[in-house]
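Engineer:
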Amino acid sequence: MMLFAEFAEFCEKLEKISSTLELTARIAAFIQKIEDERDLYDVVLFITGRVYPPWDERELGVGVGLLYEALENVSGVKRAEIEGMIRECGDLGLVAEQLIKRKKMTTLAFEELTIRKVRETFDEISSLTGEGSMKRKIMLLTGLYGLASPLEARYLTRLILNEMRLGVGEGIMRDAIARAFKAEAETVERAYMITNDLGRVAVVAKKEGEEGLKKLKIELHIPVRMMLAQVAESLESAIREMRVAAVEWKYDGSRVQVHWDGKKVTIYSRRLENVTNALPDIVEEIKKNVKPGVILDGEVIAVKDGKPMPFQHVLRRFRRKHDVAKMVEKIPLEAHFFDILYDGNECIDLPLKERRKMLESAIKESEKIRLATQIVTDKVDEVRKMYEEAINAGHEGVMVKLPSSPYIPGKRGKNWLKVKAIMETLDLVVVGGEWGEGKRSHWLSSFELACLDPVTGKLLKVGKVATGFTEEDLTELTEMFKPLITSQQGKKVEFIPKYVFEVAYQEIQKSPKYESGYALRFPRFVRLRDDKDVDEADTIERVERLYKLQFEVKRQ
Ligand code: AMP
């Protein structure tokens, strides 16, 4: 069994190294030598500053208050003095080290602090709840400090506070594991994305090597890193690249991964936190409408009166720990699922089009449990229509996915492209419009927009908006604009400039078509700014600035 002192001395060495390559090499050499599997597991986690993997619900729940008490017990130094030392030095790890140097309590029986002892004490601490748990925690911590040398106390403290400060992130540890146990970095990465537990990955790599890592499979109630999307240049380029694409609505809420085994539902957030307790309404619906033994990937949105609410509301639901029932009523949620990772067997390596079929057979749609709206097409027009429908329904845009692609956990790649409306809106003057067709011929159905040239006072056209209106909007707007019509040619009309629309859009492009020199792509009506006069509308300078900003955003 490994001594905690050995670990602490190693940490002290690491603290002085800043080169990533050297850190990796040193860690690889250190973990390679560890014989005991449990020690290996703990050391790997501890070096990255963790006691448990990120998704594990257990936590020590030890704040500085408890640490002060334990340190006071062990050193005999009064609380006020300890607080003074902290104020001066700012690093509780170093203060603990100083205090242990002045330790008055010596352990009678000679016992050395081991990694195992630290782990077992941590596990007991994290299992304590309710009355008397604080006292017991202080006792256990006092016991640990009682066995610790000054240097051990430094790292014990930092570990308890989740502040190892060694600069060893997941990437370095992944490379160190690969190097120590002679596996490909890619294989280690995949194993990590599936288990989200570097300690376990290290143990499997040591015991079974590359082959063992490759055999690791997705399991229920262990979250998998989520696949991510890249920004598409445009709808057209996305389709051109994929030729045939699965196009889905992009819902603006919070990502969820749902594990359902027939008895228990566990829901993880995008950061793989367990958010099950905050979502009892979704849990109930899953139990009723989803086939047991699956892992699903989807987005939860808040909906009121049939319209999506801004995603901040969903976050409020996710964060909620108390009075959850009240929140369930206040902020109703819907889950829209777009992928399946497991249905008794791991299915991430199957193509999306097959996973979608499996997803469809796993879910019985209900009011709250839905399949993400999807079409598979090679036609730009259909994609554009889908985009507009998504926007009109109050969603963010669309996801364009390659139907033949596997689900690659943790990967942000070209197989998922997102196209969404830019949130920065423009306030533009309505200078003209067009009557609708067929059933809509008594409504004005599109409106021409212009920005302001503050130097000449002219209105410069930048585009037309025809989406984002409800039927009520169109009825009302038609009534408002009719008296402003100055001329009509065919269906086209011109207005006296009087009203300002706030519009969102996907992109601003250079265009010779309009006198402003710019055109809005996929503009969408947000609302009438009847609090704004024409001369308060956005200027050509702002349009230019936003145009340029797009390139800066893309480059980031
Ligand atoms: P973003 O957060 O802008 O990078 O966009 C990616 C996110 O969109 C994902 O992480 C999901 O939370 C969300 N999303 C909404 N609808 C979908 C969908 N149909 N497919 C994949 N992701 C979606």
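Numbers 3 to 558, taken from the working numbering, label the letters of the sequence shown in order.
Think of the CB as a built atom: it goes at the ideal place given N, C-alpha and C, for glycine as much as any other residue.
Apart from the five residues just before and just after D38, which ones in its own chain have a Cβ nearer than 7 Å to its Cβ?
Structural biologist: As a working mapping, residue 38 is identified with position 36 in the sequence shown. The answer, listed in chain order, is M3 and M4.
Engineer: In or out: V246 buried (at least 16 other Cβ within 10 Å) or exposed?
Structural biologist: As a working note, residue 246 is residue 244 in the sequence shown. Exposed, because fewer than 16 other Cβ atoms sit within 10 Å of the Cβ of V246.
Engineer: Report the rounded CA-to-CA distance for D455 versus Q490, giving the unit in angstroms.
Structural biologist: Counting from 1 along the sequence shown, the entry for residue 455 is found at position 453. Counting from 1 along the sequence shown, the entry for residue 490 is found at position 488. D455 and Q490: Cα-Cα distance of roughly 25 Å.
Engineer: To the nearest whole angstrom, what separates the beta carbons of F503 and R531, a pair I think is in contact under 8 Å?
Structural biologist: Looking up residue 503 in the sequence shown gives position 501. Looking up residue 531 in the sequence shown gives position 529. Sure, about 7 Å apart at Cβ, within 8 Å.
Engineer: For Y389 and V400, I'd like the C-alpha separation in whole angstroms.
Structural biologist: Here residue 389 corresponds to residue number 387 of the sequence shown, with the count starting at 1. Here residue 400 corresponds to residue number 398 of the sequence shown, with the count starting at 1. For Y389 and V400, the distance between alpha carbons rounds to 6 Å.
Engineer: Can you tell me the Cβ-Cβ gap for V249 and V385, rounded? I've got them flagged as a contact below 8 Å.
Structural biologist: Looking up residue 249 in the sequence shown gives position 247. Looking up residue 385 in the sequence shown gives position 383. Contact holds; Cβ gap of about 5 Å.
Engineer: Going by other Cβ atoms of all chains shown within 10 Å of its Cβ, with 16 needed for buried, is F9 buried or exposed?
Structural biologist: Within the sequence shown, numbered from 1, the residue matching residue 9 stands at position 7. So F9 counts as buried.
Engineer: Please classify E356 as buried or exposed, where buried requires at least 16 other C-beta atoms within 10 Å of its C-beta.
Structural biologist: Position 354 of the sequence shown, counted from the start, is the residue given in the question as residue 356. Burial call: exposed.
Engineer: So, is A182 buried or exposed, given that buried needs 16 or more other C-beta atoms within 10 angstroms?
Structural biologist: In the sequence shown, counting from the first residue as 1, residue 182 sits at position 180. It counts as buried.
Engineer: So the beta strand (DSSP E) R414 belongs to, where does it begin and stop?
Structural biologist: The residue you call residue 414 lines up with position 412 of the sequence shown. That run of the beta strand (DSSP E) goes R414 to K422.
Engineer: Where in the stretch 102-159 do unbroken runs of the alpha helix (DSSP H), each at least 4 residues long, occur, reported from the N-terminal end onward?
Structural biologist: List check, alpha helix (DSSP H) in window: 117-129 and 135-149.
Engineer: Beta strand (DSSP E) containing L257: first to last residue?
Structural biologist: Here residue 257 refers to the residue found at position 255 of the sequence shown. First, the residue type needs correcting, since residue 257 is Arg and not Leu in the sequence shown. Counting along the chain, the beta strand (DSSP E) containing R257 begins and ends at S256 to W262.
Engineer: Suppose contacts are defined by Cβ-Cβ distances below 7 Å. Is Y147 in contact with A72 by that definition?
Structural biologist: Looking up residue 147 in the sequence shown gives position 145. Looking up residue 72 in the sequence shown gives position 70. Contact: yes.
Engineer: Nearest CA to the CA of L476: which residue from L218, T123, G435 and N291?
Structural biologist: Stepping through the sequence shown from its first residue, residue 476 is reached at position 474. Comparing Cα-Cα distances from L476 to each of L218, T123, G435 and N291, the minimum goes to G435.
Engineer: Taking the beta strand (DSSP E) that G496 belongs to, which residues open and close that run?
Structural biologist: The sequence position of residue 496 within the sequence shown is 494, counting from 1. Going by the sequence as given, residue 496 is Glu instead of Gly. Segment K494 to F497, the beta strand (DSSP E) holding E496.
Engineer: Quick one: grab the DSSP three-state call for S447.
Structural biologist: By one-based count along the sequence shown, residue 447 stands at place 445. DSSP places S447 in strand when its eight states are reduced to three.
Engineer: Does the ligand AMP have a heavy atom nearer than 6 Å to the CB of E546?
Structural biologist: Reading the sequence shown from its first residue, position 544 is the one you call residue 546. E546 Cβ: outside cutoff for every heavy atom of the ligand AMP.
Engineer: For the stretch 460-467 against the stretch 392-412, are there 3 or more C-beta pairs whose distance is under 8 Å?
Structural biologist: In short, these stretches do not touch, since the Cβ pair count stays below three.
Engineer: Give me, in chain order, the residues of the same chain whose beta-carbon lies closer than 8 Å to that of A364; leave out the 5 immediate sequence neighbours on both sides.
Structural biologist: Position 362 of the sequence shown holds residue 364. If we look at A364 and ignore the five residues flanking it on each side, its Cβ neighbours are V292, K293, V296, L298, I342 and D345.
Engineer: Measuring only the C-alpha atoms, how far is T427 from E235?
Structural biologist: Translated into the one-based positions of the sequence shown, residue 427 becomes position 425. Translated into the one-based positions of the sequence shown, residue 235 becomes position 233. T427 and E235: Cα-Cα distance of roughly 19 Å.
Engineer: Going by Cα to Cα distance, which pick from L461, L486 and I36 is closest to E543?
Structural biologist: In the sequence shown, counting from the first residue as 1, residue 543 sits at position 541. Nearest of L461, L486 and I36 to E543, Cα basis: L461.
Engineer: Closer than 6 Å: is that where the CB of A539 sits relative to any heavy atom of the ligand NAD?
Structural biologist: No copy of the ligand NAD appears in this structure; the ligands present are the ligand AMP.
Engineer: If we ignore side chains and look at the alpha-carbon of each, how far apart do H338 and W251 end up?
Structural biologist: Locating residue 338 in the sequence shown gives position 336, where the first residue counts as 1. Locating residue 251 in the sequence shown gives position 249, where the first residue counts as 1. Answer to the nearest angstrom: the Cα atoms are 10 Å apart.
Engineer: When you compare each of A452, P405, Q34 and T458 to A204 by their alpha carbons, which one comes out closest?
Structural biologist: Within the sequence shown, the letter at position 202 stands for residue 204. Minimum Cα distance to A204 is reached at Q34.
Engineer: Would a check of beta-carbon distances place R321 closer than 7 Å to chain C?
Structural biologist: Included in the structure is just one protein chain, with no chain C present.
Engineer: Following the continuous beta strand (DSSP E) through Y54, name the residue where it begins and the one where it ends.
Structural biologist: If you number the sequence shown from 1, residue 54 lands on position 52. Premise fails: Y54 is in no beta strand (DSSP E) and is neither H nor E.
Engineer: Hey, F340 and A392: beta-carbon distance below 7 Å or not?
Structural biologist: The count along the sequence shown starts at 1 and reaches residue 340 at position 338. The count along the sequence shown starts at 1 and reaches residue 392 at position 390. Against a cut-off of 7 Å, the Cβ pair of A392 and F340 comes out as no contact.
Engineer: Identify the residues that DSSP records as bridge partners of H338: which are they?
Structural biologist: Taking the sequence shown and counting its residues from 1, the one referred to as residue 338 is at position 336. H338 is bridged to E301 and R372.
Engineer: Any idea what DSSP makes of R557, helix, strand or coil?
Structural biologist: Residue mapping note: residue 557 aligns to position 555 of the sequence shown, counting from 1. Since pLDDT at R557 reaches only 40, below the 50 mark, its modelled position is unreliable, and the value read off the structure follows with that caveat. Note: R557 maps to helix in three-state DSSP.
Engineer: If you check the beta carbons only, do A187 and A207 fall under 7 Å apart?
Structural biologist: As a first step, residue 187 is located in the sequence shown; it is residue number 185 there, counting from the start. As a first step, residue 207 is located in the sequence shown; it is residue number 205 there, counting from the start. Taking 7 Å as the Cβ cut-off, A187 and A207 do not qualify as a contacting pair.
Engineer: For Q259, count neighbouring C-beta atoms within 10 Å of its own C-beta (all shown protein chains included) and say buried if the count is 16 or more, exposed if not.
Structural biologist: In the sequence shown, residue 259 corresponds to position 257, counting from 1. With 16 or more other Cβ atoms within 10 Å, it is buried.
Engineer: When the Cα atoms are used, what is the spatial distance from D325 to T278?
Structural biologist: Here residue 325 refers to the residue found at position 323 when the sequence shown is read from its first residue. Here residue 278 refers to the residue found at position 276 when the sequence shown is read from its first residue. For D325 and T278, the distance between alpha carbons rounds to 14 Å.
Engineer: Buried or exposed: where does L16 fall if 16 or more other Cβ atoms within 10 Å of its Cβ makes it buried?
Structural biologist: Translated into positions along the sequence shown, residue 16 becomes position 14. Buried, because 16 or more other Cβ atoms sit within 10 Å of the Cβ of L16.
Engineer: Any idea which residues DSSP pairs K184 with across the strands?
Structural biologist: Your numbering for residue 184 matches position 182 in the sequence shown. The partner list for K184 (beta bridge, DSSP) is empty, contrary to what the question assumes.
Engineer: For V120, count the other beta carbons within 10 Å of its own beta carbon; 16 or more makes it buried, fewer makes it exposed. Which is it?
Structural biologist: Along the sequence shown, one-based indexing puts residue 120 at 118. Buried, by the Cβ-count rule.
Engineer: By the three-class DSSP mapping on this structure, what secondary structure does P485 have?
Structural biologist: As a first step, residue 485 is located in the sequence shown; it is residue number 483 there, counting from the start. Note: P485 maps to helix in three-state DSSP.
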